[in-house]
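Novice:
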Amino acid sequence: MKNIAITVFIASIVIIMVLYLVAFQVRETESALVTRFGKPVREITEPKLYFKWPAPIERVHRFDSRMQVFEADLGETTAKDAVPIIVNTYVVWRIDEPLKFLNAVGTVKDAEVKLYGQITDTQNRVIGQHSFGEFVNSDPGEIKFNQIETEMLTDLKQTLSDEYGIEVKTLGIKQLKVSKDVTVKVFERMKAARNLRTEATISEGQGQATKIKGDANLKSSVLLTAAQARAEVIRGRGDAEAAKHYKKLEENPEFAMFLRDIESLEKILEERSTIVIPADSEPFKLLKEVPLLEPKK
Amino acid sequence: MTEEDKQGNKDLQPQTLDKSASEDLDAAGKSLSEALRISFIVLKVIMIVLVVAFLASGFKSVEPDENALVLRFGKIRGVGEERLLGPGLHWIFPYPIDEIVRIPVAKKVDLTVRSFWYYQSQERMLAEPSIEKTRFLPELDPINDGYCITRSEKQDETISGSGGSDYNIVHSKWQLTYKIDDPERFFKNVYVEDVNPGDIYFDVITESITPLLQSLFEDVIVTAIVNYTIDDVMYEQVARLTDDVKRLLQEKFDTIESGIKVVRIQLTDRTWPLQVNAAFEALVTASQDRQTAISQAQTYAESTLNETAGPVAEKLFLALNDDTISEEEMELLWSQLAGKAQEKITEARAYRTKVVASARANAEYFQELLPEYRKHPELVVQKIYQDAIERIFDNAVEKFVIQPTEGTKETEFRIMLNRDPSLKSKTGKEQTTKE
Chain L
188 MKNIAITVFI
198 ASIVIIMVLY
208 LVAFQVRETE
218 SALVTRFGKP
228 VREITEPKLY
238 FKWPAPIERV
248 HRFDSRMQVF
258 EADLGETTAK
268 DAVPIIVNTY
278 VVWRIDEPLK
288 FLNAVGTVKD
298 AEVKLYGQIT
308 DTQNRVIGQH
318 SFGEFVNSDP
328 GEIKFNQIET
338 EMLTDLKQTL
348 SDEYGIEVKT
358 LGIKQLKVSK
368 DVTVKVFERM
378 KAARNLRTEA
388 TISEGQGQAT
398 KIKGDANLKS
408 SVLLTAAQAR
418 AEVIRGRGDA
428 EAAKHYKKLE
438 ENPEFAMFLR
448 DIESLEKILE
458 ERSTIVIPAD
468 SEPFKLLKEV
478 PLLEPKK
Chain S
3 MTEEDKQGNK
13 DLQPQTLDKS
23 ASEDLDAAGK
33 SLSEALRISF
43 IVLKVIMIVL
53 VVAFLASGFK
63 SVEPDENALV
73 LRFGKIRGVG
83 EERLLGPGLH
93 WIFPYPIDEI
103 VRIPVAKKVD
113 LTVRSFWYYQ
123 SQERMLAEPS
133 IEKTRFLPEL
143 DPINDGYCIT
153 RSEKQDETIS
163 GSGGSDYNIV
173 HSKWQLTYKI
183 DDPERFFKNV
193 YVEDVNPGDI
203 YFDVITESIT
213 PLLQSLFEDV
223 IVTAIVNYTI
233 DDVMYEQVAR
243 LTDDVKRLLQ
253 EKFDTIESGI
263 KVVRIQLTDR
273 TWPLQVNAAF
283 EALVTASQDR
293 QTAISQAQTY
303 AESTLNETAG
313 PVAEKLFLAL
323 NDDTISEEEM
333 ELLWSQLAGK
343 AQEKITEARA
353 YRTKVVASAR
363 ANAEYFQELL
373 PEYRKHPELV
383 VQKIYQDAIE
393 RIFDNAVEKF
403 VIQPTEGTKE
413 TEFRIMLNRD
423 PSLKSKTGKE
433 QTTKE
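So the protein lines, in turn, are chains L and S. Note that the working numbering has the first sequence beginning at 188, numbered continuously upward. Note that the working numbering has the second sequence beginning at 3, numbered continuously upward.
1. Out of curiosity, what's the CA-to-CA distance linking T276/L and D221/S?
2. Cβ closer than 7 Å: which chain S residues qualify as neighbours of R422/L?
3. What do you reckon, are the CB atoms on V357/S and G425/L nearer than 8 Å?
4. Using a C-beta to C-beta distance shorter than 9 Å, which residues of chain S count as neighbours of V409/L?
5. Under the rule that 16 or more other beta-carbon atoms within 10 Å means buried, what is N146/S, buried or exposed?
6. In whole angstroms, what separates the C-alpha of V53/S from that of T222/L?
7. What is the residue span of the beta strand (DSSP E) that I258/S lies within?
8. Please report the Cβ distance between Y387/S and I449/L, rounded to the nearest whole angstrom; I am assuming they are in contact, meaning their Cβ atoms lie under 8 Å.
9. Ignore the nearest five residues each way along the sequence and tell me which others in G315/L's own chain have a CB closer than 8 Å to its CB.
10. Output, in chain order, the set of chain S residues within a Cβ distance shorter than 7 Å of P234/L.
11. In chain L, which residues lie less than 9 Å from N397/S when you measure between Cβ atoms?
12. Taking 8 Å as the threshold, find out whether the region 301–310 of chain S comes into contact with the region 271–281 of chain S through three or more Cβ pairs.
13. Quick one: is G425/L near chain S, going by C-beta distance under 8 Å?
14. Which residues, in chain order, does the region 324–346 of chain L contribute to contact with chain S at a C-beta distance below 8 Å?
15. Quick check on S221/S: does DSSP put it in helix, strand or coil?
16. What residues from chain S crowd round Q255/L, counting only those whose CB sits closer than 7 Å?
17. Determine, for N69/S, whether the minimum Cβ-Cβ distance to residues of chain L falls below 8 Å.
18. Terminal residues of the continuous alpha helix (DSSP H) containing R312/L?
19. Could you compute how far the alpha carbon of Q268/S sits from the alpha carbon of L178/S?
20. Cβ closer than 8 Å: which chain S residues qualify as neighbours of L436/L?
21. Do the region 186–195 of chain S and the region 112–119 of chain S meet, that is, are 3 or more Cβ pairs less than 8 Å apart?
22. May I ask which residues mark the beginning and end of the beta strand (DSSP E) holding G76/S?
23. Name the residue from L220/L, A242/L, R249/L, V213/L whose alpha carbon lies nearest to the alpha carbon of E233/L.
24. Could you give the distance in angstroms between the alpha-carbon of V103/S and the alpha-carbon of A210/L?
25. Counting only beta-carbon atoms, is P271/L nearer than 8 Å to chain S?
26. State the Cα-Cα distance for the pair I464/L and F402/S, rounded to the nearest angstrom.
27. For E469/L and A429/L, I'd like the C-alpha separation in whole angstroms.
28. Which runs of the beta strand (DSSP E) fall wholly inside the region 251–321 of chain S and span at least 3 residues, in chain order?
29. So, helix, strand or coil for D396/S, using DSSP?
30. Using 10 angstroms around the beta-carbon of G90/S, count the other beta-carbons present and answer buried if the total reaches 16, otherwise exposed.
31. Would you mind reading off the limits of the beta strand (DSSP E) that contains Y193/S?
32. Identify the residues that DSSP records as bridge partners of K181/S: which are they?
33. Using the Cα positions of I78/S and E215/L, report the straight-line distance between them to the nearest angstrom.
34. Opposite N69/S in the DSSP bridges: which residues?
35. Taking the alpha-carbon positions, what's the S390/L to M236/S distance?
36. If you measure beta-carbon to beta-carbon, which residues of the region 374–391 of chain L are closer than 7 Å to chain S?
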């Protein structure tokens, strides 16, 4: 009975060891290739538990099937209109078909070398079909940046999938630059454009200010004129009403004139007047002599 | 393994039976049996401990900011929502059957992108901004200096005559805040380096995915910003631009099935190239000057109109040029008049009142006197005349009575008038020449 227990124990250890030799897991993040005596026999992309002949009959080669990013260095290329452009393209890729990948590429390092070449190729070809004005344009409708990226993706996707078993998930241009000399010219242009706008702004400001002031003055004078006119009407009415009263004076014009003269005289000399008068005028004569009063007859 | 454990327990009973039966055996056999028994017990204990330890290794904890996936033979276990384990303690089959993968889902991570900024040496980064801005080369080096290309204003086209392919350069700094939104997608698709002992798992994840995220982020920025002008980036359209970038970046993340969510995009810093700083600042100053000039003019306009006609000025002005406005409305507006215009009207009203009043007064005075005058015209005239003269002399400030000289010789006669400078005379001068 003891032996049974030991047997079971040993047996289970043996089973586990055998399982370790013949079974293998493929994880969600992997794909695998089984080779028999170095010759590929199975390509595995579905994650689960698999069995194989123990090594050295069959071997498992695992590949990380997750996305990796690869970026080519900054590279100069030329647009259709012979404008040099400096771009940096990155590619998000993954190993899709392990067999193809193993045969045509090998390792991730090798893949990056291939990718670099392919990216440069695609970059030159696709960008060469577009003018610089399709990357950036003062008319947003003319900008075809996204389209260019899509074209590059299509171009690269096909080649890499067919030849290397690599799936390109996406790609893009992460730097868009121009050469040193060109930046100097760009700055010249930017400065010129700014200066023009500065001048325009200054004169526009002055113009607007002048206009606002002018408008205000105009309005003001229109209003004053209108008010003046209204005032004249009021004055006119006053004069007309006054004239009605003056009609009453017509009963004795001479007396009325006399009264009016007296009033004027008084008004004129009402304030701060200095009067110089000869001593022989009335009633200052009295200062000189006693008047000669002749009793009335 | 559990099966094996049960079998071990069954073995206990037969063993005790054996013990009683072996009493007759010799001493050697006895000691051998004893040794076997002890080693067997030791083995049993080891087995049980191993089994327990093995089973206990299936307990896995998930931290509060994590979610976990369980891989059974490499494949994600479960269906639908069961696939994700929330925070807490969980039991899974021990290795190599099940494997737990923890994904930090709650943590928000910031990723700063400085690759669109001009090159700064360490010391220049630390220098005062004012000093830092003064030293620069006339060009930008594509290798060291970062920048984005923006489209130019349509109105600027005419300057260069480049047919629209004109552009500007702008520097910017960005920050992306993201989190892992879909652990399964993230785990399946996004490359994360193996965690070595001593590494912090979260840091390994962050470090592994940064190149991918940064590339996508930069791509989106470059593609988005060409649709904006430098003024949009500097001033008016920052919010729209960041929204654009956020939307496009999320689209990218979704296309590649990364399971990552963009939480926030920030344009943390931006500037025009230092090489054109003077020209750009001149425009800023000019714009401010323009604003000042305009607001001063507006103030002037307001105060002028207010002085002229008061608050109603604008309305009244419009009404004056508007034929459709009714008489009553017009009168209503006039009644609200103030300022100089109102003064004119007031003066006119005063004039009217005065003129009418004095005319009436004169008329009444005249009519009162007339009957008396008719009776004694000379006396009345004399009386009025003398009263008036008295009043005049009474009012006069200074009076000079002069003895006229006889003969033909012209006499010169001088009086210093208005010794008080505040006095003004209209009539005095005329009178000096009288004699």
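For every residue, glycine included, the Cβ atom is placed at its ideal position computed from N, Cα and C. Model, not experiment: these values are computed from the prediction.
Specialist: Let's see:
1. Distance from the CA atom of T276/L to the CA atom of D221/S, rounded to whole angstroms, is 9 Å.
2. Going along chain S in sequence order, the residues near R422/L (Cβ under 7 Å) are A350, Y353, R354.
3. Inclusion of V357/S and G425/L in the CB contact set at 8 Å is warranted, their separation being smaller than that value.
4. Result: F319, L322, N323.
5. Result: exposed.
6. One alpha carbon belongs to V53/S, the other to T222/L, and they sit about 36 Å apart.
7. Looking at the DSSP string, I258/S is not in any beta strand (DSSP E), and its letter there is neither H nor E.
8. That pair is a contact at about 7 Å.
9. T264, T265, A266, K267.
10. Residues of chain S passing the Cβ test: G76, K77.
11. Close to N397/S, with beta-carbon spacing below 9 Å, are these residues of chain L in chain order: E453, L456, E457, E458, R459, S460.
12. No: fewer than three Cβ pairs fall under 8 Å.
13. Closer than 8 Å: yes.
14. Answer in chain order: N324, S325, D326, P327, E329, I330, F332, N333, E336.
15. The displayed chain sequence assigns Asp, not Ser, to residue 221/S. Helix.
16. Under the 7 Å cutoff, chain S gives Y193.
17. Closer than 8 Å to the CB of N69/S there is not a single CB belonging to chain L.
18. If you look at R312/L, you'll find it in the alpha helix (DSSP H) that goes 295–314.
19. Taking the straight line from one Cα to the other gives about 7 Å.
20. Ordered by position in chain S, the residues that pass the 8 Å Cβ test against L436/L are N364, A365, F368.
21. No, the region 186–195 of chain S does not touch the region 112–119 of chain S.
22. For G76/S, no beta strand (DSSP E) segment is defined, and its DSSP state is neither H nor E.
23. E233/L has its Cα closest to that of V213/L, out of L220/L, A242/L, R249/L, V213/L.
24. Cα-Cα distance, rounded: 22 Å.
25. It does not: the Cβ of P271/L has no partner Cβ on chain S nearer than 8 Å.
26. Straight-line Cα distance between these residues: approximately 6 Å.
27. Spanning the alpha carbons of E469/L and A429/L requires a straight line of approximately 36 Å.
28. The qualifying runs are 262–273.
29. In the structure shown, D396/S falls within a helical segment according to DSSP collapsed to helix, strand and coil.
30. Exposed, since its Cβ has fewer than 16 Cβ neighbours within 10 Å.
31. Taken as a continuous stretch (DSSP letters only), Y193/S belongs to no beta strand (DSSP E), as it is neither H nor E.
32. In the DSSP output, where bridge partners are listed per residue, K181/S has K263/S.
33. Cα-Cα distance, rounded: 7 Å.
34. According to DSSP, which records beta bridges pairwise, N69/S is partnered with I105/S.
35. Going from the Cα of S390/L to the Cα of M236/S covers about 23 Å.
36. With the criterion set as a beta carbon lying under 7 Å from some beta carbon of chain S, the members of the region 374–391 of chain L are F374, R376, M377, K378, A379, A380, R381, N382, L383, R384, T385, T388, I389, E391, in sequence order.
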